[in-house]
Every structure is written in C-alpha cells, then in structure tokens.
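Numbering (the working numbering), first residue to last: 2 to 753. Have a look at the structure below, then the notes.
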Amino acid sequence: MGPKTAVKWLAEYGSLDDIVANAESFTGKVGEYLRDNLSQIPMSRYLVTLKTDLELPVEPQQLLIGEQDRIALREHYRRWGFRSWLPEINGGRSVPPDASARAERQQPPSGLMYRAGKHEGKPPALRENGGDVTDGQSAGVQAQEDAGVAKENYETIYTVDQLERWVDKLAAAGLFAFDTETTGLDYMGVELVGLSFSVRPGEAAYVPVAHDYDGAPRQISRRKVLEKLRPLLESENHEIVGQNLKYDRNVLANYRVELNGIAHDSMLQSYVLDSVGTRHDMNSLAWKYLGKSITSYEDVAGKGAKQVSFNQVPVEQAAAYAAEDADITLQLHQALWPKLAGEAGLRGVYTNIEVPLLSVIARMERNGVMIDSEMLRKQSSELSEQMEKTEHLAHDLAGQSFNIGSPKQIQEILYEKMRLPILAKTPTGQASTAESVLQELAAEHELPGLILRHRELSKLKSTYTDRLPEQINFATGRVHTSYHQAVAATGRLSSSDPNLQNIPIRTEEGRKIRQAFIASPGHVLMAADYSQIELRIMGHLSGDATLLAAFSEGHDVHRVTAAEVFDVNIASVSPEQRRAAKAINFGLIYGMSAFGLAKQLGIQRGAAKQYIDRYFERYPAVKEYMDTARDKAKEDGYVETVFKRRLKLPDIDSRNAARRKHAERTAINAPMQGTAADIIKRAMIDIDKNLLLPNNDIRMIMQVHDELVFEVAEARVDEFKQEVGRLMSGAASLSVPLVVDIGTGVNWDQAH
DNA sequence: GTGGCGTCC
DNA sequence: CAGAGGGACGCCACT
C-alpha cells in the first residue's frame with residue numbers, strides 16, 4: 002500500500018488530520034498501514050504535501066524527515082506549487098517496446114548448475130570412446146583410463162535381462178545411488194533420457210531410454226524401464242542416494258513415478274557441513290572430497306551454441322558420464338555422511354530438516370501458481386505509455402536524446418553536461434546514479450526525478466509484467482519456480498526462474514502485480530506469515546526480559562522500543578518515534594552502525610549513536626548476545642542457529658578490516674535469519690505431513706522466507722486457516738510466542 | 001562476463 | 001583513518 006492509497010483514503014475519510022489524529026482508532030488494514038508506514042521517509046514527504054493542501058496544523062519540521070528528503074521536498078514544492086503529490090506528465094512519443102528474444106538467453110543460476118563450473122586445476126580431458134555398441138546384445142562395458150575415475154565396471158544396459166539383473170542387485174543392496182539424465186534443466190518440461198545406478202564405488206550402470214540421434218542403438222523403452230524400476234523407486238524400504246534429488250524427483254513425477262525412499266542427498270550433505278566454503282555441484286564436491294576430476298556435462302554435450310541436449314549424446318559417452326555420476330554420488334555419500342553422522346547438531350539439521358524438506362519443496366514447485374496473464378499484459382501497456390512520456394520529458398529537459406536506462410549515459414548527462422554535484426561513488430569509483438543519490442539531486446534539477454520514475458516503471462515492466470506471463474508452463478497453465486535448497490549461506494531458500502520471492506509489495510503500482518497471482522476456480526489464496534519472527538528470535542537468543550515481556554504480552558514491539566529509547570509513555574509514542582525505533586530494531590538484526598542508522602533516519606550520527614547506546618542500556622541482554630556472537634565466531638570460527646545449523650565464518654580473523662567487519666555482522670545476523678529459516682522449514686514439513694498429504698483441498702504453492710502461500714478450496718478455508726496457524730506457531734518452542742498472521746483472498750495482494 | 005541498480009524478506 | 005546493513009535473484013548496458 003502506498004501514497005496513492007493514502008490519498009484515496011483521504012477522500013474517503015475526510016481530512017488528513019482526521020487520519021493522523023485518529024491513527025490508532027483505525028482497525029484492520031488501514032490501521033495497520035497507518036501505524037507501520039505513515040511515518041516512513043517517503044511517506045512523510047507526501048504527508049507534508051498533503052498537509053499543505055489541507056492546511057493541517059503540522060509544520061514540516063515536526064516530521065522527522067531526513068535532509069535528503071527535505072531537499073527533495075523543497076524542490077517538490079517549488080515545482081508543483083504545493084498542489085499535487087505526483088506530477089502529471091503529458092505528451093510523449095511512441096516507441097514500441099521490444100520484449101522479444103529473451104528466452105534464448107535464459108541460463109540456469111549458478112546455484113542450480115546441474116553439472117557445470119570448474120574447480121581449480123586442469124579440466125578433465127575429453128576422452129575418445131572405444132568401440133561402438135551398435136547391436137542390442139553387447140554388454141557395453143567401457144574400458145577407459147582416466148586420471149580420476151576408473152570406469153571398467155561401468156555397464157550400459159540395453160536388454161531387459163540386464164535390467165532385471167541390476168534391479169535384483171539394487172534390491173539386495175538396500176542402499177544405492179541414483180541419477181537421471183534429461184533433455185534440459187526445466188524440471189516441468191524435460192524428458193527422461195536415461196537413468197544410472199551404483200551400489201558399490203566404481204561399479205555403476207546406465208540405462209539409456211531415449212537417445213534418438215541418427216544411428217542410436219536400440220534401447221529398452223522408457224515405459225518398460227520405468228515399469229521395471231517402479232517398485233524399487235517407489236519403495237520406502239530402499240535407501241536412495243542422489244545429488245540434488247529434488248530434480249530427479251520432479252522429473253520422475255512427470256512420469257507418475259514417485260521417489261519414496263530418498264535417504265541421502267550429497268548436495269545437502271555438503272551444504273549442511275559447510276554452506277559457504279564450497280560450491281555444492283558434483284564436480285566441486287568430487288574434487289574437494291574425493292580428489293577426483295570427473296567428466297563435466299560440457300565434456301559430453303558440448304557448450305555454448307554447440308551444446309546438444311542429452312538425447313543427442315552418443316550412448317557410449319553418455320553412459321560413461323552418467324554411470325560416473327551415480328558412482329561419484331555414492332562415493333560422496335560415503336565420504337560425507339560419516340562427517341555428518343558424527344556431529345549430532347548437523348546431523349539433526351540434515352536428517353530432520355533438509356532431507357524431508359526436499360520432497361516438500363518438490364511438491365510445492367510442481368503445484369505452481371496461477372497467473373492472470375491478461376491482467377499483466379494490460380499493466381505492461383500502461384507502463385509502456387508512462388515510460389514513453391517520462392523519457393520524452395527527460396530528453397526535453399536534457400536538451401538531447403539519450404538512453405534513460407543507461408547508468409553510464411545518465412552519468413554523462415547529470416555530472417558532465419549539467420555539472421550536478423557528485424554526491425556518491427560506486428565501489429569502482431564511478432559517479433553513482435543510485436536512487437538515494439538521485440533523490441538528493443532532485444533538489445537541483447527535475448531530471449533526476451524523471452530518471453527515478455522511469456527506472457521504477459522499467460523495473461516493473463521488464464522484470465515482472467513482461468516476464469512472468471512468458472514463464473507460464475504450457476502444460477499446466479501455471480508458473481513453476483525453482484527453489485534452491487543449498488544456496489543461501491544462512492539456511493534460507495532462494496527462488497529463481499522466475500524468482501517468486503521478490504514480487505513487489507511496497508508501492509501501489511507494484512502491488513498490482515500481486516493481484517495477478519490468483520487462485521484456480523473454487524479456490525482462494527491463503528497467505529500465512531510469521532509476525533516479526535527475527536526480532537522474536539533475537540528475544541529468544543538474548544533472553545532479554547524487556548523484549549520477552551513485550552512479545553509475551555502481545556505488545557507492538559516497535560512502540561515498546563520507542564518508549565524505552567525515547568523515555569516516553571507507551572501511549573504517547575509518536576509516529577516518528579515509532580519509525581525510528583523500527584529502524585533501530587531492524588538495524589540491530591543486521592549489525593548496523595550508528596553511521597548507517599543516521600543515514601537511514603536522516604539524522605546526525607551523534608544522535609543515532611545516542612539512540613543505539615540508549616537501546617543497549619535498556620536491553621542489556623541484547624548487547625550481551627551480540628558480543629557473545631562475535632566472540633563465539635572468533636573462538637569457534639562459526640556461529641549456529643537454535644537448531645544447530647552452522648555457518649562458518651573464516652573471515653572473522655581476516656586482516657582485511659572490511660571483510661572482518663562483515664563477518665562480525667554476519668555472526669550477529671546469521672543465527673537470527675538462520676533460525677527463522679529453520680522454523681519455517683520445520684513448519685513446511687509438518688504442514689506437508691499433517692495437512693497437505695491427507696487433504697486434496699489445500700496445496701502449498703509459495704514460500705517467501707517468513708511467509709507460506711496456499712491455494713485452498715473455498716469451502717474449507719476456515720478449517721485450514723486454523724490448522725496452518727497452529728502448525729506454523731508450533732514449529733518451534735521458543736521463549737517467545739510465534740505469532741502467525743493469516744489472510745485469504747482471490748489474489749495474493751488481497752490475501753495480505 | 002561484469003557492474004550497476006532495484007525488487008523482496 | 002576508512003568504511004559504514006544481513007540474505008537472495010534479475011534486468012540492463014557495456015566490454
């Protein structure tokens with residue numbers, strides 16, 4: 002909800018001073034917004050503007066606004082004569098937007114790299130293969146010499162007899178490594194090309210099922226292979242080991258085969274052992290833990306424009322690569338599992354959280370979310386119009402045509418042509434054109450404001466309204482993101498293709514995008530989020546009595562903080578004070594300095610330091626927690642969450658002050674962020690087991706760090722709302738209550 | 001491929 | 001004295 006909405010309320014509720022004076026009496030969304038946002042910096046500008054319109058008895062100085070905003074405000078007044086909060090921009094020429102040819106460039110993110118990336122040292126040489134295996138009778142044994150991996154016991158399976166022998170072998174083994182080869186990386190769209198297995202290090206088999214290049218050897222059909230393997234793959238009595246099994250699980254689900262025996266995942270083992278010290282792709286792990294250089298995907302499929310999909314790879318090469326995958330996976334498991342098993346805490350995180358979560362996320366991914374693409378298309382064209390107008394106006398002001406989307410050209414116009422002051426530089430020494438800088442420059446000239454406006458529109462259009470409809474899956478009509486379980490150092494998930502964890506919410510125009518996230522007919526969206534979870538965890542970790550009391554009594558924690566820091570009665574905390582307290586609270590979670598707080602609040606550094614000192618005076622246990630976290634990091638080289646997830650901090654002893662300071666801030670932040678991640682992961686597992694699996698009327702469709710989104714049959718909303726709340730609140734027993742806010746609606750925006 | 005910027009929690 | 005707020009991903013321009 003943004004300023005526009007506030008303006009709308011203004012019309013509805015009478016006058017601004019009515020709203021300000023009675024902020025506390027507003028209930029529901031309106032009251033929430035007033036208490037949370039009315040006093041934030043950008044808002045105060047609009048407030049002041051509105052005040053002028055309405056002749057409220059409030060002076061601008063009474064609002065705690067920063068110098069930058071004061072400057073911007075003055076300019077704002079001058080330009081718009083105190084009348085309107087948003088410029089009406091007229092005129093403009095037409096430039097048709099070009100959103101074509103983006104899909105081709107789509108690359109998997111580094112965290113998802115199925116088999117990519119190089120480790121130190123020489124890349125494994127691409128090896129020539131031996132004799133052809135052209136008739137379906139050959140055993141297909143590949144006898145190749147390799148610096149890293151011996152492959153004499155790799156078998157390629159062409160006949161049902163061979164397959165049955167391997168099925169017996171796998172069944173007898175109890176535990177086996179497993180891998181799939183597919184035509185690509187998009188788990189919803191790929192086809193299964195082959196499967197590989199290993200029961201003993203050095204011994205593996207590849208079952209090709211869909212190599213279809215000219216002259217490809219005859220293979221057992223995919224249907225037949227899956228039919229033979231189904232009992233094994235779906236059995237809960239066999240332990241299956243893999244590398245990123247979520248992917249294999251999703252691929253097999255395309256063929257209605259369910260992996261029920263997932264016992265170990267070497268990627269997750271590596272992640273839990275050391276989330277930041279290494280990449281978690283198989284090549285890196287083989288190098289790090291086995292000292293082996295293995296065949297990379299590029300070695301068999303080629304790279305760049307010449308890369309072919311796996312079904313085009315000659316079976317002999319494919320078999321050597323795929324069998325090695327299964328072999329190495331098993332070896333990695335044998336190397337990593339003892340390390341985990343010996344550490345009770347890490348083992349718990351791995352066994353009780355990460356491994357069970359894998360399947361929960363896989364289901365969530367496959368559920369996908371429904372998008373109203375028509376709505377987004379309309380938004381796109383509206384944004385286009387506005388962008389054209391803005392750009393035209395900017396060119397007029399600059400007296401020349403330039404690319405308003407290019408930071409470099411903006412830099413030339415603003416700093417070289419117009420000689421505006423350089424207020425900040427980027428890390429590489431360039432004059433910055435970042436938002437905060439342009440905000441400030443808006444006092445000097447109108448152009449920076451237009452650039453900002455254009456950026457805002459352009460961001461919404463290119464990243465969201467244009468892109469999301471393109472990512473709707475043809476078969477399901479829904480968008481299926483990928484969640485990455487081994488990327489974020491603190492234990493959080495990340496999301497990509499598309500990233501559903503950064504859909505706008507802050508501005509009114511941004512929120513419109515959330516209105517395009519809808520429920521299927523007969524269903525509603527239900528959004529459940531943990532209230533103030535990281536602050537609550539700070540209360541738990543520090544044991545601070547004042548903080549704990551605030552939460553256990555259900556008080557507004559920012560108001561309580563304001564009352565403590567500014568030494569006033571809770572009832573008389575001003576919006577400005579509450580806003581400052583909120584900034585302090587968040588700043589503490591991130592390890593922010595007085596300098597940072599001053600910048601954030603637009604106050605003097607001395608004042609900011611006073612606030613912080615005062616805070617620590619009133620919350621001594623918080624101070625103590627932070628000191629302890631730093632000390633523990635220095636002592637042990639790592640910090641940990643409530644559930645014993647570990648984050649290594651080698652930089653804590655760095656001679657480089659910036660790195661060391663960063664490590665210290667991470668030491669403070671990671672236990673809080675990481676514990677929050679643990680808690681929501683535990684909730685997801687509980688909810689999956691107790692609610693989702695037994696019921697067809699509710700599906701989990703998104704996770705956004707402290708929020709879970711469900712698609713629920715209308716008839717059972719109340720019932721599920723209660724259960725979700727119960728399970729999320731009960732996901733951890735801390736010394737603070739875990740409060741969960743739940744809303745429902747026809748779209749994601751409305752569900753908040 | 002990198003840097004700059006901007007979106008989210 | 002310099003630097004100064006944790007964790008992600010995506011788009012664009014530019015090299």
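Glycine is no exception: its CB is placed at the ideal position from the N, C-alpha and C atoms. Since this is a predicted model, take the numbers as computed values, not measurements.
Whole-Å CB distance - residue i paired with residue j, under 8 angstroms assumed
i, j, result
"P499", "V480", "6 angstroms"
"N154", "G190", "About 34 angstroms; that fails the 8 angstroms criterion."
"G492", "D679", "6 angstroms"
"I686", "F721", "Going by Cβ atoms, the distance from I686 to F721 rounds to 17 angstroms, so no, they are not a contact pair."
"Y612", "A581", "7 angstroms"
"A319", "P209", "6 angstroms"
"L398", "L451", "7 angstroms"
Spatially closest choice to residue i from the options, by CA coordinates
i, options, result
"H541", "L739, S199 and G726", "L739"
"M388", "L461, E715, A678 and H265", "L461"
"A432", "Q410, L448, H446 and A563", "Q410"
"A520", "M729, V561 and V718", "V718"
"T547", "I504, Y616 and L494", "Y616"
"N748", "I702, K152, V273 and N697", "I702"
"Q723", "R456, A622, A528 and E445", "A528"
"A609", "G588, E625, R223 and D266", "G588"
"Y188", "V737, A732, T482 and T629", "T482"
"A517", "M376, R420 and R647", "M376"
"I241", "T434, A622, H334 and K418", "H334"
"A302", "Y322, G278 and A584", "Y322"
"E641", "T157, V566, S276 and D282", "S276"
"Q636", "I653, I506, K624 and E317", "Inspection of the sequence shows that residue 636 is occupied by Glu rather than by Gln. Taking only the C-alpha atoms, the option nearest E636 is I653."
"A668", "M593, K293, T434 and L171", "M593"
"L171", "T184, A205 and E182", "A205"
Collapsed DSSP secondary structure at residue i in the structure displayed
i, result
"M419", "coil"
"S433", "coil"
"P738", "coil"
"E325", "helix"
"L168", "Looking at the sequence itself, residue 168 is Val, so the reference to Leu does not match. Note: V168 maps to helix in three-state DSSP."
"A517", "coil"
"D561", "The sequence given here has Val at residue 561, not Asp. V561: helix per DSSP, three-state reduction."
"D266", "strand"
"R507", "coil"
"A730", "With the sequence shown as reference, residue 730 is identified as Ser, and Ala is not the correct amino acid for it. Residue state, collapsed to three classes: helix."
"K304", "coil"
"R485", "Sequence inspection shows His at residue 485; the Arg mentioned does not correspond to that position. Correct three-state label for H485: strand."
"I295", "coil"
"S775", "The first residue shown for the chain is 2 and the last is 753, placing residue 775 beyond what the model contains."
"V252", "helix"
"Q412", "helix"
"Q751", "coil"
"Q472", "coil"
"G744", "strand"
"K123", "With a pLDDT of 30 at K123, under the threshold of 50, the modelled position of this residue cannot be trusted, and the question is left open."
"V59", "The pLDDT assigned to V59 is 31, lower than 50, so where the model puts this residue is not dependable; a value taken from the coordinates is nonetheless given after this. Note: V59 maps to coil in three-state DSSP."
"N245", "coil"
"K152", "coil"
"Q704", "strand"
"A528", "strand"
*Cβ pair count under 8 angstroms reaching 3, the segment 294-314 against the segment 227-244*: Touching, no.
*What beta strand (DSSP E) runs, 3 residues minimum, are completely inside the segment 357-390?*
Runs found: 370-372.
_Which complete alpha helix (DSSP H) runs does the segment 621-691 hold, if anything under 4 residues is left out?_
The qualifying runs are 621-637 and 658-688.
_Would the segment 202-216 count as touching the segment 344-351 if we require 3 or more Cβ pairs under 8 angstroms?_
Remark: fewer than three beta-carbon pairs, one from each stretch, lie closer than 8 angstroms, so the segment 202-216 and the segment 344-351 are not flagged as touching.
*Please go through the segment 158-240 and give each complete alpha helix (DSSP H) segment of 4 or more residues, from N-terminal end onward.*
With a minimum length of 4 residues, the continuous alpha helix (DSSP H) runs that stay inside the segment 158-240 are 161-174 and 223-235.
*Runs of alpha helix (DSSP H) lying entirely within the segment 564-620, each at least 4 residues, in chain order*: Counting whole runs of 4 or more residues, the segment 564-620 contains the alpha helix (DSSP H) stretches 576-591, 595-602 and 606-619.
*May I ask you to verify whether the segment 242-261 touches the segment 363-383, counting CB pairs closer than 8 angstroms and requiring at least 3?*
Result yes; three or more Cβ-Cβ pairs closer than 8 angstroms.
*Is the number of C-beta pairs between the segment 256-263 and the segment 194-202 that are closer than 8 angstroms three or more?*
Counting C-beta pairs with one atom in each stretch, the segment 256-263 and the segment 194-202 have fewer than three that are closer than 8 angstroms, which means they do not touch.
*Is there contact between the segment 465-472 and the segment 668-684, where contact requires at least three CB pairs shorter than 8 angstroms?*
With fewer than three CB-CB distances shorter than 8 angstroms, the segment 465-472 does not count as touching the segment 668-684.
*With contact counted as at least three CB pairs below 8 angstroms, one residue from each stretch, are the segment 649-660 and the segment 568-578 in contact?*
Result no; under three Cβ-Cβ pairs closer than 8 angstroms.
*asked:* Taking 8 angstroms as the cut-off, does the segment 419-427 touch the segment 439-448 (at least 3 CB pairs, one atom from each stretch)?
replied: The segment 439-448 vs the segment 419-427: in contact.
*Should the segment 553-567 be called in touch with the segment 497-512, which here means at least 3 C-beta pairs below 8 angstroms?*
With a cut-off of 8 angstroms, the segment 497-512 and the segment 553-567 do not count as touching, because too few Cβ pairs lie within range.
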